[in-house]
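A short write-up of the structure that comes next.
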Amino acid sequence: MATNIHLATCSTEKALLHYAEEGDVEGLKALVEANKESGRLDLNAADKSGRTILHIAVEKGNIDMLAAIVKFDRITLHAVDRKGRSALHLSALHAHESDAHLQCLFLLLDLGGTVMASLKDQEGWSALHAAASVGASNTCRLLLQAGAPCSPCDHDGINPLIVAARRDHLQVVELLLAHRSSLAHVDFDGWNALTHAAACGRDRVVSLLLENLADPSCQDLHNGTPLQHAVKNRHLTTAALLIQGLCAVDLSDCGLHDEAWLFTLCSSCCAASSLSLSRNAIDTLKASSVLTAVERSLPALMVLDLSCNSITDGLTFPSLTNLRRLDLSDNGLSALPVGVEAMLSLVSLAVSKNKLQQVAPELARLVGLQRLDLSGNCLSSLPCSLSSLTALVTLDLSHNEFDELPASLLGLCSLQVFDCSFNRLQRLPHLPTSLVSLNLDNNKLEELDPQLGKAGHLETLSVRNNQLATIPPTLIATSIRKSRDLRLDGNPLSAIPENVRGDADATLGFLEDVCEGLEQVLFIRVMVMGEAAAGKTSLVRCLHDPDMSLKALLRQPRLPDTGGSTLGVEATRAETRCHALGTNVSLQFWDLAGQACYLVGHSLLMSDRLLPVYVTDSTSDEAAAMQSACRWLDTLMLALPGASLRGGEQESSRSCQPALSVVLIGTRVEAGGCDKITACQKLNSLADMLVARTKSLHGRVLSVKAVMGVSNSTRECVDARNPNAEFSFKLVLKKIAEVSIGILYTDP
1 MATNIHLATC STEKALLHYA EEGDVEGLKA LVEANKESGR LDLNAADKSG RTILHIAVEK
61 GNIDMLAAIV KFDRITLHAV DRKGRSALHL SALHAHESDA HLQCLFLLLD LGGTVMASLK
121 DQEGWSALHA AASVGASNTC RLLLQAGAPC SPCDHDGINP LIVAARRDHL QVVELLLAHR
181 SSLAHVDFDG WNALTHAAAC GRDRVVSLLL ENLADPSCQD LHNGTPLQHA VKNRHLTTAA
241 LLIQGLCAVD LSDCGLHDEA WLFTLCSSCC AASSLSLSRN AIDTLKASSV LTAVERSLPA
301 LMVLDLSCNS ITDGLTFPSL TNLRRLDLSD NGLSALPVGV EAMLSLVSLA VSKNKLQQVA
361 PELARLVGLQ RLDLSGNCLS SLPCSLSSLT ALVTLDLSHN EFDELPASLL GLCSLQVFDC
421 SFNRLQRLPH LPTSLVSLNL DNNKLEELDP QLGKAGHLET LSVRNNQLAT IPPTLIATSI
481 RKSRDLRLDG NPLSAIPENV RGDADATLGF LEDVCEGLEQ VLFIRVMVMG EAAAGKTSLV
541 RCLHDPDMSL KALLRQPRLP DTGGSTLGVE ATRAETRCHA LGTNVSLQFW DLAGQACYLV
601 GHSLLMSDRL LPVYVTDSTS DEAAAMQSAC RWLDTLMLAL PGASLRGGEQ ESSRSCQPAL
661 SVVLIGTRVE AGGCDKITAC QKLNSLADML VARTKSLHGR VLSVKAVMGV SNSTRECVDA
721 RNPNAEFSFK LVLKKIAEVS IGILYTDP
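Those letters in the sequence shown? Residues 1 to 748, by the UniProt record's numbering.
This is the structure we're talking about:
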């Protein structure tokens with residue numbers, strides 16, 4: 001309801017303000033009467049501060065002048081000055097100064113107290129804020145009786161209770177609490193009245209608020225408590241008031257550098273069961289003082305947090321028989337402090353981020369210990385006596401220097417969570433079968449213990465960034481089979497099919513079938529396709545018997561009426577060893593005749609569950625090779641599911657289909673006057689062109705899983721994508737088997 005300020009400009013308006021300043025009531029009345037007929041005199045004209053005659057009369061406490069002014073016809077009772085303050089704001093600030101000022105307040109409240117009491121200035125303050133700020137309890141009472149809101153907020157969320165609390169106006173605080181002003185109300189920083197009073201060291205107000213059940217453990221938006229703010233501002237007596245009765249005392253990050261302060265505060269929290277002194281730069285000497293106070297004054301203490309300080313060796317713990325949780329993390333300890341091993345009630349001990357090089361065997365005396373955190377130290381061994389910790393549930397040895405773990409870990413029969421990541425482990429001992437979560441990330445493991453399969457409740461296994469070639473199939477016997485929480489990134493996994501490696505679900509499905517010995521894993525069909533005379537039949541025979549000599553190959557029977565060319569389909573079986581399966585894998589090669597007249601019939605044999613192997617003569621020029629490959633590719637694509645659909649239905653089907661996996665093999669790499677490198681370049685170029693054509697013409701992704709070159713006559717073989725590596729027909733067969741097995745687990 002604020003009004004615009006009209007500054008006095010003419011001599012008449014300036015005279016009006018002058019009479020008000022001088023308290024000349026009669027002169028003011030005469031001036032108003034003289035200009036009544038003309039109506040040119042603005043009774044709400046203001047001085048440079050925005051004060052009208054109404055504001056001036058209230059500030060001066062001139063009740064006679066105020067009584068005269070409010071009777072003028074054109075006076076605005078809710079006019080505001082440059083700070084947005086009404087006459088009632090000013091009256092609330094000054095009413096306690098004299099009876100005359102108090103009479104002015106009565107008069108304004110009688111004229112429109114409820115409306116004016118709701119007005120706020122530019123800071124969002126009401127008249128009740130103003131009265132509370134000067135400790136005028138009688139004024140506050142009158143405003144509340146006139147209908148003023150009990151807990152209005154300014155632009156920072158501060159209400160009158162907070163204003164009175166931080167300025168130590170005890171009677172106003174009592175009055176507002178009696179009118180049910182909320183103790184839980186917080187400003188925009190999350191500070192309530194108790195927090196403000198504690199930060200300002202207002203002991204009387206703090207005591208009153210606590211008596212009215214204010215929460216001493218409340219937290220602001222930055223997780224600060226009233227106690228922490230009192231300590232940071234060095235209000236020791238206030239802190240002592242807040243500590244009394246607290247069960248959980250949090251003095252973390254309070255800048256407690258003074259030993260006497262530490263001793264006094266720790267001695268004050270007699271009822272505490274939990275004490276946190278983390279992040280206070282406490283050294284060994286001050287820590288000793290803390291422990292002395294704890295031993296004397298805190299018999300019921302169960303949790304002690306001394307983490308993130310500057311404690312080094314030389315600290316001795318007293319007999320804290322009730323202590324259950326101790327945190328010494330992030331200090332400078334090179335050995336466990338003396339006396340820790342005697343705290344037989346401990347269930348949790350954290351000594352992470354220190355400089356420990358060894359663990360004392362006496363730690364095994366803590367037979368009730370359930371959680372032990374030794375991460376971030378310099379440990380390379382553990383005492384065998386730790387196997388006595390049969391109640392241990394969580395063990396963290398991450399970020400240390402372990403090359404191996406003791407076999408005695410098997411004795412931790414209750415261990416459920418074990419973290420040994422970021423070490424140098426090359427092998428694992430037998431681990432407890434009670435494990436639920438195991439983290440072995442960032443080590444040098446080459447294999448996992450098959451006995452892990454006996455941990456039936458194991459739900460999470462993380463072995464990222466190791467050197468694992470395979471995963472024991474026995475893991476399927478654990479709960480990982482249901483949780484699917486298996487993390488294998490950053491391992492070669494060379495014994496697992498390439499298509500399976502990147503997907504935990506596919507890997508687990510593969511391991512399931514390995515364990516169950518399903519026939520579909522042991523028997524796989526491969527379609528060998530290509531132009532006539534490309535050398536498909538000779539290739540299949542070499543794969544059937546990779547050790548066959550050229551002389552024996554030439555003695556193989558030929559079809560007399562066709563000049564040695566295949567008619568229709570010729571089936572040949574070959575076997576290879578799959579290390580991931582631990583058994584032989586049987587592949588049935590369907591050698592499809594390459595003559596054009598057979599292409600339509602071949603399409604009837606196709607399925608997206610078979611592996612197509614396209615054979616091309618590497619001595620052909622690139623244009624002819626591409627033309628033949630495109631004819632084969634088009635036939636293949638038309639034969640697969642979804643090809644018979646039309647329009648949008650076809651597009652939708654293709655967009656949902658996975659990549660089509662194929663293998664490309666070039667024969668006669670020894671001929672044509674070009675070396676292996678050139679032949680490999682031609683084959684890789686052909687593969688790239690087929691991928692691009694499939695995407696642009698058929699709208700489907702073609703994945704050429706392997707590109708290889710062979711010579712059926714010289715028995716030479718080459719991996720076109722790694723031409724410098726040793727290669728043979730046996731490895732060609734293994735590569736085809738690997739891709740085939742991958743299709744079973746990654747394609748729907």
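By construction, the Cβ of each residue, glycine as well, lies at the ideal position given by its N, Cα and C atoms.
Taking the beta carbon of Thr237 as the centre, do at least 16 other beta carbons fall within 10 Å, making it buried, or is it exposed?
Thr237 should be labelled exposed.
Mind checking Leu221: buried by the 16 CB within 10 Å criterion, or exposed?
Exposed is the call here.
On the three-state DSSP scale, how would you describe Glu37?
Residue state for Glu37 is assigned as coil, using DSSP reduced to three classes.
Per DSSP, the bridge partner or partners of Ser703
Beta-bridge pairing by DSSP links Ser703 to Ser661.
Pick helix, strand or coil for Leu291, following the three-state DSSP scheme.
It is helical.
From which residue to which residue does the alpha helix (DSSP H) around Ala717 run?
The sequence as given places Cys at residue 717; Ala does not occur at that position. Looking at the DSSP string, Cys717 is not in any alpha helix (DSSP H); the run it does join, the beta strand (DSSP E), is Cys717 to Asp719.
Thinking C-alpha only, which one of Ala469, Phe418, Leu493 and Glu459 is nearest Ser483?
Relative to the Cα of Ser483, the nearest Cα in the group Ala469, Phe418, Leu493 and Glu459 belongs to Glu459.
Identify the residues that DSSP records as bridge partners of Tyr19: which are they?
Tyr19 is not bridged to any residue.
Simplified DSSP state of Asp419, which is helix, strand or coil:
Asp419: strand per DSSP, three-state reduction.
Can you give the beta carbon distance from Thr572 to Val540, rounded, assuming they're within the 8 Å contact cut?
Distance from Thr572 to Val540 at the Cβ level is roughly 5 Å; contact confirmed, criterion being Cβ atoms closer than 8 Å.
Top-ranked residue by Cα proximity to Leu690, from Ile677, Ala720 and Ala629
Of the candidates Ile677, Ala720 and Ala629, Ala629 places its Cα closest to the Cα of Leu690.
Closer than 8 Å by C-beta to Asp561: which residues in its own chain qualify, once you throw out the five before and the five after it? Chain order, please.
At Asp561, the pLDDT of 46 sits below 50, so the modelled position is not reliable; the number obtained from the coordinates is stated separately. Counting only residues of its own chain and dropping the five nearest sequence neighbours on each side, Asp561 has no CB closer than 8 Å to any other CB.
Thinking Ser434 and Leu415 are a contact (beta carbons under 8 Å), I'd like their distance in whole angstroms, please.
The Cβ separation is near 6 Å, so the contact holds.
Going straight from the alpha carbon of Val492 to that of Ala469, what length do you get?
Reading off the sequence shown, one finds Pro at residue 492, where the question assumed Val. Distance between the alpha carbons of Pro492 and Ala469: 6 Å.
Could you compute how far the alpha carbon of Val662 sits from the alpha carbon of Val732?
Spanning the two alpha carbons is a distance of roughly 14 Å.
In three-state DSSP terms, what is Phe510?
Helix.
Reducing DSSP to helix, strand and coil, say where Gln122 ends up.
Note: Gln122 maps to coil in three-state DSSP.
Mapping DSSP to helix, strand and coil, what is Ile524?
In the three-state reduction of the DSSP assignment, Ile524 falls in the strand class, which pools E and B.
Whose CA, out of Arg166, Glu211, Leu208 and Glu174, lies closest to the CA of Thr195?
The alpha carbon of Thr195 has as its nearest neighbour, out of Arg166, Glu211, Leu208 and Glu174, the alpha carbon of Arg166.
Do you know how far the Cα of His698 is from the Cα of Ser652?
Annotation note: pLDDT 49 at Ser652 (below 50); position unreliable, no value reported.
State the Cα-Cα distance for the pair Ala534 and Ser620, rounded to the nearest angstrom.
The straight-line gap from Cα to Cα measures roughly 10 Å.
In this structure, does DSSP put Val351 in helix, strand or coil?
Here DSSP, grouped into helix, strand and coil, assigns Val351 to coil.
List the whole-angstrom C-beta distance separating residue 766 from Cys378, where the pair is believed to meet the contact cut-off of C-beta under 8 Å.
The chain is shown from 1 up to 748; residue 766 falls before or after that span and cannot be answered.
Note down the Cα distance separating Gly112 from Gly61, rounded to an integer number of angstroms.
Taking the straight line from one Cα to the other gives about 18 Å.
Please determine, among Asn280, Cys247 and His257, the residue with the shortest C-alpha to C-alpha distance to Cys269.
The candidate whose alpha carbon is nearest that of Cys269 is Cys247.
Just to check my reading of the structure: Ser345 and Gly368 have Cβ atoms closer than 8 Å, yes? What is that Cβ distance to the nearest angstrom?
Indeed, because the Cβ distance is near 7 Å, the residues count as touching under 8 Å.
Just to confirm my understanding: we take Leu107, look at its own chain, exclude 5 residues before and 5 after, and list those with CB closer than 8 Å. What are they?
Take Leu107, set aside five residues on each side of it, and the residues of its chain with a beta-carbon closer than 8 Å to its own are Ile63, Leu66, Ala67 and Val70, in chain order.
Is the beta carbon of Leu170 sitting closer than 8 Å to the one on Val205?
The answer is yes: Cβ separation under 8 Å.
Under the three-state DSSP convention, the category Thr537 falls into
Assignment of Thr537 by DSSP, reduced to helix, strand and coil, places it in the helix class.
With a threshold of 16 other CB atoms inside 10 Å of the CB of Gln627, please say whether the residue is buried or exposed.
Around the beta carbon of Gln627, a 10 Å sphere encloses fewer than 16 other beta carbons of the protein chains shown; the residue is thus reported as exposed.
Excluding the five sequence neighbours on either side, which residues of its own chain have a C-beta within less than 6 Å of the C-beta of Cys200, listed in chain order?
Arg166, listed in sequence order.
How big is the Cα-Cα spacing for Gln122 and Asn192?
Between Gln122 and Asn192, the C-alpha separation is close to 22 Å.
Excluding sequence positions up to five away, which residues of its chain have a Cβ less than 7 Å from the Cβ of Leu333?
Cβ within range, chain order: Ile311, Thr312, Asp313, Val351, Asn354, Lys355 and Leu356.
Just checking my contact of Leu611 with Val417 at CB under 8 Å: how many whole Å lie between their CB atoms?
Their Cβ separation, rounded to whole angstroms, is 42 Å, which puts Leu611 and Val417 out of contact at 8 Å.
Using alpha carbons as the reference points, say which of Gly742, Ile736, Met302 and Gly709 lies closest to Glu726.
For Glu726, the nearest C-alpha among the options comes from Gly709.
Whole angstroms are fine: how far does the CA of Ala46 sit from the CA of Arg82?
Using only the alpha carbons, I get a separation of about 10 Å.
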